[in-house]
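**Q** First the structure, which I've put down as structure tokens, then a few questions once you've had a look.
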Amino acid sequence: MKKKIMVGLLTVVACFTLGSTSFAASTTVPSPSTDPSGTSNVITPTDDIVVAIDLNVGEKRYLGGSNFWVSGDDSSIYLDQQGLVIGIKKGISTVVADLPSGDTIIYRINVK
Numbered sequence: 121m122k123k124k125i126m127v128g129l130l131t132v133v134a135c136f137t138l139g140s141t142s143f144a145a146s147t148t149v150p151s152p153s154t155d156p157s158g159t160s161n162v163i164t165p166t167d168d169i170v171v172a173i174d175l176n177v178g179e180k181r182y183l184g185g186s187n188f189w190v191s192g193d194d195s196s197i198y199l200d201q202q203g204l205v206i207g208i209k210k211g212i213s214t215v216v217a218d219l220p221s222g223d224t225i226i227y228r229i230n231v232k
């Protein structure tokens, strides 16, 4: 009886040993230089993100980002340092801000 249990345990151990080494040996990670498709998996962030916003006169909205400044202005908006923008009169203004990722976001604000 002890002999059968011992043979069974050795068989199980042998299966686990062979199974784990065969899986480990078959795992390969292709390097970018040997990628036959010629495409790159590297994602590069864009430097500028452009967002179009439509506001009615008197409408307000908070913009995302920091270090807000008005790039093109026809006095159609009010902008504070926290990103609050209010439509003052009809026109188009451009607000630029920094994002935490280091990118720049450009808001094209159309006040109707």
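In my numbering, each residue carries its 1-based index in the sequence shown increased by 120.
Glycine included, each C-beta is placed from N, C-alpha and C at the ideal position.
Just so we're clear, the structure is a prediction, and the values are computed from it rather than from any experiment.
1) Please report the distance separating the alpha-carbon of Gly178 from that of Leu199.
2) Could you say which of Ser221, Gly211, Ser195 and Gln202 lies nearest to Leu183 if we only look at CA atoms?
3) Please work out which residues of its chain come closer than 8 Å, Cβ to Cβ, to Asp168, disregarding the five sequence neighbours upstream and downstream, and give them in chain order.
4) With 16 other CB atoms within 10 Å as the buried threshold, where does Leu204 fall?
5) Quick one: residues in its chain with C-beta nearer than 8 Å to the C-beta of Val215, no 5 flanking neighbours on either side, listed in chain order?
6) Run through the segment 181–230 for me and flag every whole beta strand (DSSP E) of 3 or more residues, listed as ranges in chain order.
7) Indicate the three-state DSSP secondary structure (helix, strand or coil) for Val171 in the structure shown.
8) Apart from the five residues just before and just after Ala172, which ones in its own chain have a Cβ nearer than 6 Å to its Cβ?
9) Can you have a look at Val170 and say buried or exposed, based on whether 16 or more other CB atoms are within 10 angstroms of its CB?
**A** The structure says:
1) 13 Å
2) Gln202
3) Asp223, Thr224, Ile225 and Ile226
4) exposed
5) Leu183, Phe188, Trp189, Val190, Ser191, Ile197, Leu199, Val205, Ile226, Tyr227 and Ile229
6) 186–192, 197–199, 204–207 and 211–218
7) strand
8) Arg228
9) exposed
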